[in-house]
Amino acid sequence: MARARVRLSCTTPTTRRTGRLMTMNTDEMKRAFLADPTSSFTQFLERTSPRLLPNAVRSGSTEDLSPTATTIVAVATPSGVVLAGDRRATMGSMIAQRDIQKVFAADEFSAVGIAGSAGLAIELVKLFRVELEHYEKIEGAPLTLDGKANRLASMIRGNLGMALQGFVVLPLFVGWDVSCAKARIFSYDATGGCYEETGYHAIGSGSLFAKGSLKKLYRPKATLKRAVQMCVQALFDAADDDSATGGPDVLRRIYPVVIAVDASGARQLPETEIAEVTDHVLAGRATRPDGPEARL
Amino acid sequence: MSQPVFYVSPEQQIKDRAEFARSGIAKGRSVIVARYADGIVFIGENHSKSLHKVAEIYDRIGFAAVGRYNEFENLRVAGIRHADIRGYAYDRRDVTGRMLAGAYAQLLGTIFSAVMEKPYEVEMVVAEVGDKPEADEIYRLSFDGSITDEPQFAVIGGASEMISQALREGYEPQLRLGDCLRLAIQALIADPRGGTALTVDALEAAVLDRNRTQARKFRRLSSDDITELTKVPVRRPTRSRKSGASLGTPTDIGDATPSSQPKRTRRVSAADSPRTDQVDVGPAEATSSGTAGE
Chain A
1090 MARARVRLSC TTPTTRRTGR LMTMNTDEMK RAFLADPTSS FTQFLERTSP RLLPNAVRSG
1150 STEDLSPTAT TIVAVATPSG VVLAGDRRAT MGSMIAQRDI QKVFAADEFS AVGIAGSAGL
1210 AIELVKLFRV ELEHYEKIEG APLTLDGKAN RLASMIRGNL GMALQGFVVL PLFVGWDVSC
1270 AKARIFSYDA TGGCYEETGY HAIGSGSLFA KGSLKKLYRP KATLKRAVQM CVQALFDAAD
1330 DDSATGGPDV LRRIYPVVIA VDASGARQLP ETEIAEVTDH VLAGRATRPD GPEARL
Chain B
45 MSQPVFYVSP EQQIKDRAEF ARSGIAKGRS VIVARYADGI VFIGENHSKS LHKVAEIYDR
105 IGFAAVGRYN EFENLRVAGI RHADIRGYAY DRRDVTGRML AGAYAQLLGT IFSAVMEKPY
165 EVEMVVAEVG DKPEADEIYR LSFDGSITDE PQFAVIGGAS EMISQALREG YEPQLRLGDC
225 LRLAIQALIA DPRGGTALTV DALEAAVLDR NRTQARKFRR LSSDDITELT KVPVRRPTRS
285 RKSGASLGTP TDIGDATPSS QPKRTRRVSA ADSPRTDQVD VGPAEATSSG TAGE
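Sequences listed follow chains A and B, in order.
First residue of the first sequence: 1090, per this note's numbering; consecutive thereafter.
First residue of the second sequence: 45, per this note's numbering; consecutive thereafter.
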């Protein structure tokens, strides 16, 4: 059911929007374009083509617009960008899954992490990956990083109707921009707004804590390895204070999923490597539970 | 006006249409699709760097075509859409070469037998690389929708029979990529229409490499890759092909097919289609130059 919903909401808006103008007959056109007394374009649109309006969806409640049950963090360095996510999925106060994957490589040079309704979000990422690959195969060249970010924005906007009913999906998009050899981070809001972030960013219910942590740990000239450590530290801090974010599960060997994107492409770091970093973080926390001390 | 004035028997009609399609295809330069130890290699003569005759369709599936560019480009895009929508609706592993070849056969067959439509002047190959060499599949499709499962290699295009014959000598599926490429280039030179002037820059090549770690096994080979793999000391030619180093001299890549070989004519005499230096991609050109990959 969720699958059908997300696909419809992502693909139909354009046809729905253009359909109205195309089918308008001459009389209607004349009436609409000549007889309308208003000088407001917005009002004109409301009368003639309400579907063209960005806030066309009016039904549903607006409560619960904030995503829950996740923390995704991203850290950019001169040599690449790291995207990491915790593994917990919740339903209310219950843990629905301990080892869910929320960050994915989107294509060769980009990755996406998701917060919000898991069903819709995972389907959206799946569609986004096909979208990028499809474009690349048909055109013979990949989209630019900005092109990918904008495409994702319009897909999120397509989900606005569901978002208003409480099924919010918010991505965090990172990538290596081949044209300027730079790592970049993009965040989104539920209306499809796309914002480029500098240095680091976090989304999800634990993002407040993760961002606070990154604020102290982030060093702009860090290596990619350091960036992985920052991410794991930040996720630990998020899990420490947010019940919907899962911390590292040493007993079950469930660690955050970490994807690094640099000039050589996007790759998911092997579990052994993350386990090593996590062990290091845990050892540090054993002596100082609040994490490494920032210099004043 | 739509009523035919004279009666034309169905047999004659099919024959005419087939003859029309064949003559169009015969103008195209050939493409070889062959199995090698680690996958499937595609190689053909193509002077354009951007208008490809070989393309990726899906994770394990590649495509090669000769004939009229706009027609096989349509088929390529249709194939990508077909594969992507199936992979999205079901699972990526549910997209198979056999399924795609079947869909193409249906499409080409319908177009060929539709009286009001011009038959497609294309010949194409759909290849799928398997986890093991035994699972590799190569399907060759004709303009009329007929489909053949090729156990080792497929050659499509004007001089396909001649090139197949040249390739058969020395070919085996266990060849390494470099050897397979070298053999294929040698075979391409058997094309009587100036194959001997073939330079490495005029080659388009790609592989479906089963050892690639990514899900997408398709990889294009650049001129440098080909040079490196075949270890042929080729100097980069200048713009004009004629001044370029020739791959066709026997000293370069072993015993190339002797140029004295009788130029067998097949369907359309090679001499009837004079070779032009530009790559023709104009979709609407009605002359012989309307065929891509000249």
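Cβ coordinates follow ideal geometry from the N, Cα and C atoms, glycine included.
All values derive from a computational prediction rather than experimental measurement.
So for LYS1300/A, helix, strand or coil by DSSP?
LYS1300/A falls in the helix class under three-state DSSP.
Helix, strand or coil for LEU95/B? Go by DSSP, reduced to three states.
Judged by DSSP in its simplified three-state form, LEU95/B adopts coil rather than helix or strand.
Looking only at C-alpha atoms, which of ASP103/B, ARG120/B, ARG104/B, ILE101/B sits nearest to VAL110/B?
If we check each option's Cα against that of VAL110/B, ARG120/B comes out closest.
Quick check on this structure: which residue in ASP1331/A, ALA1333/A, VAL1350/A, VAL1366/A has the alpha carbon closest to the alpha carbon of ARG1342/A?
Out of ASP1331/A, ALA1333/A, VAL1350/A, VAL1366/A, VAL1366/A has the C-alpha closest to the C-alpha of ARG1342/A.
With a floor of 3 residues, list each beta strand (DSSP E) that falls wholly inside the region 215-284 of chain B, ordered by position along the chain.
Scanning the region 215-284 of chain B from its first residue to its last, the whole beta strand (DSSP E) runs of 3-plus residues come out as 247-253, 262-265.
Hey, is the region 1223-1233 of chain A in contact with the region 1205-1215 of chain A, meaning 3+ C-beta pairs nearer than 8 angstroms?
Remark: fewer than three beta-carbon pairs, one from each stretch, lie closer than 8 angstroms, so the region 1223-1233 of chain A and the region 1205-1215 of chain A are not flagged as touching.
Nearest-angstrom Cα separation, counted from PHE156/B out to LYS59/B:
For LYS59/B and PHE156/B, the distance between alpha carbons rounds to 11 angstroms.
Coarse secondary structure for ALA1238/A, derived from DSSP in three states:
ALA1238/A: helix per DSSP, three-state reduction.
Just the C-alpha distance for LYS261/B and GLY1380/A, rounded to the nearest angstrom, thanks.
Take the alpha-carbon of LYS261/B and the one of GLY1380/A: they are about 43 angstroms apart.
Using 8 angstroms as the threshold, is the C-beta distance between GLY1062/A and ALA1178/A below it?
A query on residue 1062/A cannot be resolved here, the shown segment of chain A reaching from 1090 to 1385 and no further.
Within 10 angstroms of the Cβ of PHE50/B, are there 16 or more other Cβ atoms? Answer buried if so, exposed if not.
Under this definition PHE50/B is an exposed residue.
GLU89/B in three-state terms, based on DSSP:
DSSP places GLU89/B in the strand class (E or B) of the three-state scheme.
Are the C-beta atoms of ASP268/B and some chain A residue less than 8 angstroms apart?
By this cut-off, ASP268/B is not an interface position.
Measure the Cβ-Cβ separation of SER16/B and GLU172/B and say whether it is below 8 angstroms.
Here chain B comprises residues numbered 45 to 338, so residue 16/B is not present and cannot be evaluated.
What residue does the alpha helix (DSSP H) around THR154/B start on, and which one ends it?
Its alpha helix (DSSP H) spans residues 141-157.
Let's test the definition: count the other Cβ atoms within 10 Å of the Cβ of ALA1375/A and tell me whether it reaches 16, buried, or not, exposed.
ALA1375/A comes out exposed.
Please state if the CB of ARG237/B and the CB of THR274/B are separated by a distance shorter than 8 angstroms.
For the 8 angstroms CB-CB criterion, THR274/B and ARG237/B do not form a contact.
Can you tell me where the alpha helix (DSSP H) holding ALA1364/A begins and where it ends?
1360-1376 is the span of the alpha helix (DSSP H), which, as asked, contains ALA1364/A.
SER1206/A in three-state terms, based on DSSP:
The three-state secondary structure of SER1206/A, taken from DSSP, is coil.
Listing by chain order, which chain B residues have their CB less than 7 angstroms from the CB of LYS1226/A?
Neighbours of LYS1226/A across chain B, judged by C-beta separation under 7 angstroms: GLU100, ILE124.
Endpoints, the beta strand (DSSP E) within which GLN1186/A is located:
Looking at the DSSP string, the run of the beta strand (DSSP E) that includes GLN1186/A is 1183-1186.
Roughly how many whole angstroms lie between the Cα atoms of THR140/B and GLY83/B?
Cα-Cα distance, rounded: 16 angstroms.
Which residue or residues does DSSP assign as beta-bridge partners of TYR80/B?
TYR80/B pairs with GLY83/B.
Please report the residue range of the beta strand (DSSP E) in which TYR183/B lies.
TYR183/B: member of the beta strand (DSSP E) spanning 181-185, first to last residue.
What residues from the region 129-151 of chain B come within 8 angstroms of chain A, judged by C-beta to C-beta, listed N to C?
Of all residues in the region 129-151 of chain B, GLY131, TYR132 have a Cβ within less than 8 angstroms of some Cβ in chain A.
How do the region 142-162 of chain B and the region 183-202 of chain B stand: do at least 3 beta-carbon pairs fall below 8 angstroms, yes or no?
Two segments are said to touch when three or more pairs of C-beta atoms, one from each, lie closer than 8 angstroms; by this definition the region 142-162 of chain B touches the region 183-202 of chain B.
For chain A, is any of its Cβ atoms less than 8 angstroms away from the one on VAL77/B?
Not an interface residue.
Contact with chain B by GLY1229/A, beta-carbon distance below 8 angstroms:
By this cut-off, GLY1229/A is an interface position.
Counting only beta-carbon separations shorter than 8 angstroms, does VAL173/B have a partner in chain A?
The beta carbon of VAL173/B does not come within 8 angstroms of any beta carbon belonging to chain A, so the residue lies off that interface.
Rounded to whole angstroms, what's the CA-CA distance from PHE1193/A to ALA122/B? Just pull it up for me.
The C-alpha of PHE1193/A lies about 28 angstroms from the C-alpha of ALA122/B.
Taking all protein chains shown into account, decide if CYS1269/A is buried (16 or more other Cβ within 10 angstroms of its Cβ) or exposed.
Exposed, by the Cβ-count rule.
So, helix, strand or coil for CYS1283/A, using DSSP?
The answer is strand: DSSP assigns CYS1283/A an E or B state.
Does DSSP put GLU1152/A in a helix, a strand or coil?
Confidence in GLU1152/A is poor, its pLDDT being 43 and thus under 50, which makes the residue's placement unreliable; the coordinate value appears in the next sentence. Reduced to three states, the DSSP call for GLU1152/A is coil.
Compute the Euclidean distance between the alpha carbons of GLU117/B and ARG125/B, then round it to the nearest angstrom.
For GLU117/B and ARG125/B, the distance between alpha carbons rounds to 12 angstroms.
List the residues of chain A whose Cβ lies closer than 9 angstroms to the Cβ of HIS96/B, in chain order.
Simply GLY1229.
Put PHE50/B into one of helix, strand or coil per three-state DSSP.
In the displayed model, PHE50/B falls within coil according to three-state DSSP, outside both helix and strand.
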